[in-house]
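What follows is one structure encoded as structure tokens, with my remarks underneath.
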Amino acid sequence: MKPSALLALLAPVLANTIAVAPPLARPAPAVALFALLVPRLAGAIAVAPPLARPAPAGCPAPLAALPVGSTIEGYRETHAFTAERLSTRPTCVLLRNFLSEVECKIIMAEAELSGALHPAETSGGTDARRNCDVCTLPPQKSAAVAAITREVAGLLLDPAAAALPGSGSEDLHVLRYGAGGEFRPHFDAMAAPRVLTVLYYLNGVGATWFPLADASTDALDFGDREAVLRHVSTLDPSRDGLLVEPAAPGDALAFYNFEANGAPDMHALHAGVEVGAGETKWVASHFFRAPGVVTPAVLHHRRMLHGRASRGVVRG
Ligand SMILES: O=C(O)CCC(=O)C(=O)O
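At position 198 of the sequence shown (counting the first as 1) the number is 185 in my numbering, and the numbers step up by one without a gap.
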């Protein structure tokens, strides 16, 4: 590829990065991820053209431009982590070493000490979550949650979306599954403009499955939840879609729930895989909202949410 063509391809990425990166030797934590993207992207784009797909709603453009399979480094305020792009649709990024072990232990201890962990209920009284206790931790009551919330918003949420009225995070949801526990396939974003989900694997146990990741969904009618469920039941986590397995406590997964045009990304359907015998899985779900970039619900999304046959696919 000619240098001039490469420059033309990089221009939007560079423009965005330079606009947010301060002139420091070591970039400030909130922009470090993006500043570090530039040299890596230069090499990657030289061999593979960038995806035509625009950045999902709420996703920083340079992160959306990271090719699947590429890994970059980023910095939290206290330590480094790596970010690997796992899939195009939805935009899934695996963040290794994102939380420290101390942060993981604090969150699990705060959840247990809060006395608020209770068996999960899901909308419509379905059995979508089995053998799973849940509670929420507000940033106002946890210094650890407050710090994580602030840093994640700076790293993983597009600054323009984050600045819109109503944008921000929900309280942290902490989930403790026992053996046999699972969270059946669901969308996080049917009832709320949760543009970004970050899952923190607090004890490194368990897995999350995206049965439709990077698959064609043209033949699926998402207004018919039973049909979607039937299709998903023919799929296998070891063969289809994307199976995310943390390697250690503190690994995290970020994914974006809406397309660039503000419509829900149906490929973001995901499930907490059944927990093995004798195991306990701790995971925390962090939802970031940006109402201003989300298209108002359309008919089939409402049917998805309020359909009578509500077993299985539910809102988060
Ligand atoms: O347990 C998991 O792996 C996924 C949790 C989840 O899907 C959620 O909280 O929305």
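Using N, Cα and C, we set each Cβ at its ideal position, and we do this for glycine too.
Straight-line gap, residue i to residue j (C-alpha atoms, nearest Å)
{"i": "residue 150", "j": "residue 235", "result": "33 Å"}
{"i": "residue 14", "j": "residue 155", "result": "Its pLDDT being 41, under 50, residue 14 is placed unreliably by the model, and the measurement read from it follows with that caveat. In a straight line, the C-alpha of residue 14 is about 24 Å away from that of residue 155."}
{"i": "residue 70", "j": "residue 85", "result": "9 Å"}
{"i": "residue 279", "j": "residue 152", "result": "7 Å"}
{"i": "residue 308", "j": "residue 253", "result": "The requested residue 308 is not part of the displayed model; the chain covers only -12 to 303."}
{"i": "residue 117", "j": "residue 211", "result": "23 Å"}
{"i": "residue 316", "j": "residue 120", "result": "The question about residue 316 has no answer here: the residues shown for the chain are numbered -12 through 303."}
{"i": "residue 147", "j": "residue 277", "result": "10 Å"}
{"i": "residue 261", "j": "residue 162", "result": "13 Å"}
{"i": "residue 50", "j": "residue 218", "result": "31 Å"}
{"i": "residue 202", "j": "residue 65", "result": "37 Å"}
{"i": "residue 61", "j": "residue 226", "result": "31 Å"}
{"i": "residue 191", "j": "residue 269", "result": "8 Å"}
{"i": "residue 168", "j": "residue 232", "result": "16 Å"}
{"i": "residue 157", "j": "residue 127", "result": "12 Å"}
{"i": "residue 305", "j": "residue 259", "result": "Only positions -12 to 303 of the chain appear in this structure, which leaves residue 305 out of reach."}
{"i": "residue 240", "j": "residue 81", "result": "5 Å"}
{"i": "residue 137", "j": "residue 87", "result": "16 Å"}
{"i": "residue 248", "j": "residue 164", "result": "35 Å"}
{"i": "residue 40", "j": "residue 73", "result": "15 Å"}
{"i": "residue 83", "j": "residue 67", "result": "9 Å"}
{"i": "residue 216", "j": "residue 179", "result": "22 Å"}
{"i": "residue 36", "j": "residue 281", "result": "Because residue 36 sits at a pLDDT of 46, beneath the cut-off of 50, its placement in the model cannot be relied upon, and the following sentence gives the value as read from the coordinates. Spanning the two alpha carbons is a distance of roughly 28 Å."}
{"i": "residue 75", "j": "residue 132", "result": "29 Å"}
{"i": "residue 297", "j": "residue 143", "result": "With a pLDDT of only 34 at residue 297, under the threshold of 50, the placement of this residue in the model should not be trusted, and no figure is reported."}
{"i": "residue 275", "j": "residue 222", "result": "29 Å"}
{"i": "residue 89", "j": "residue 125", "result": "18 Å"}
{"i": "residue 283", "j": "residue 220", "result": "29 Å"}
{"i": "residue 224", "j": "residue 200", "result": "11 Å"}
{"i": "residue 59", "j": "residue 77", "result": "19 Å"}
{"i": "residue 22", "j": "residue 63", "result": "Caution applies to residue 22, whose pLDDT of 45 falls short of 50 and renders its modelled position unreliable; the value that the coordinates give is listed next. Approximately 13 Å between the Cα atoms of the pair."}
Supposed contact pair residue j and residue i - C-beta distance, whole angstroms, cut 8 Å
{"i": "residue 271", "j": "residue 166", "result": "Actually they do not touch by this definition, with Cβ atoms about 20 Å apart."}
{"i": "residue 214", "j": "residue 208", "result": "6 Å"}
{"i": "residue 139", "j": "residue 273", "result": "6 Å"}
{"i": "residue 255", "j": "residue 242", "result": "6 Å"}
{"i": "residue 238", "j": "residue 188", "result": "5 Å"}
{"i": "residue 185", "j": "residue 245", "result": "Not really, about 15 Å apart at Cβ, beyond 8 Å."}
{"i": "residue 229", "j": "residue 79", "result": "6 Å"}
{"i": "residue 115", "j": "residue 170", "result": "7 Å"}
{"i": "residue 123", "j": "residue 159", "result": "6 Å"}
Beta-bridge pairing of residue i - partner residues as DSSP gives them
{"i": "residue 218", "result": "Residue 218 is not bridged to any residue."}
{"i": "residue 183", "result": "243 and 275"}
{"i": "residue 251", "result": "245"}
{"i": "residue 169", "result": "117"}
{"i": "residue 258", "result": "196"}
{"i": "residue 123", "result": "160"}
{"i": "residue 230", "result": "196"}
{"i": "residue 106", "result": "120"}
{"i": "residue 268", "result": "164"}
{"i": "residue 155", "result": "276"}
Meets three-Cβ-pair contact criterion under 8 Å: the region 191 to 201 and the region 38 to 51: Contact between the region 191 to 201 and the region 38 to 51 is absent, because fewer than three Cβ pairs lie under 8 Å.
Would the region 95 to 102 count as touching the region 170 to 180 if we require 3 or more Cβ pairs under 8 Å? The region 95 to 102 vs the region 170 to 180: no contact.
Ignoring anything shorter than 3 residues, give me the beta strand (DSSP E) runs that lie fully in the region 36 to 91, in order along the chain. Qualifying beta strand (DSSP E) stretches, in chain order: 58 to 62, 67 to 74 and 79 to 83.
The region 98 to 108 touching the region 55 to 72, judged by at least three CB pairs closer than 8 Å: Touching, no.
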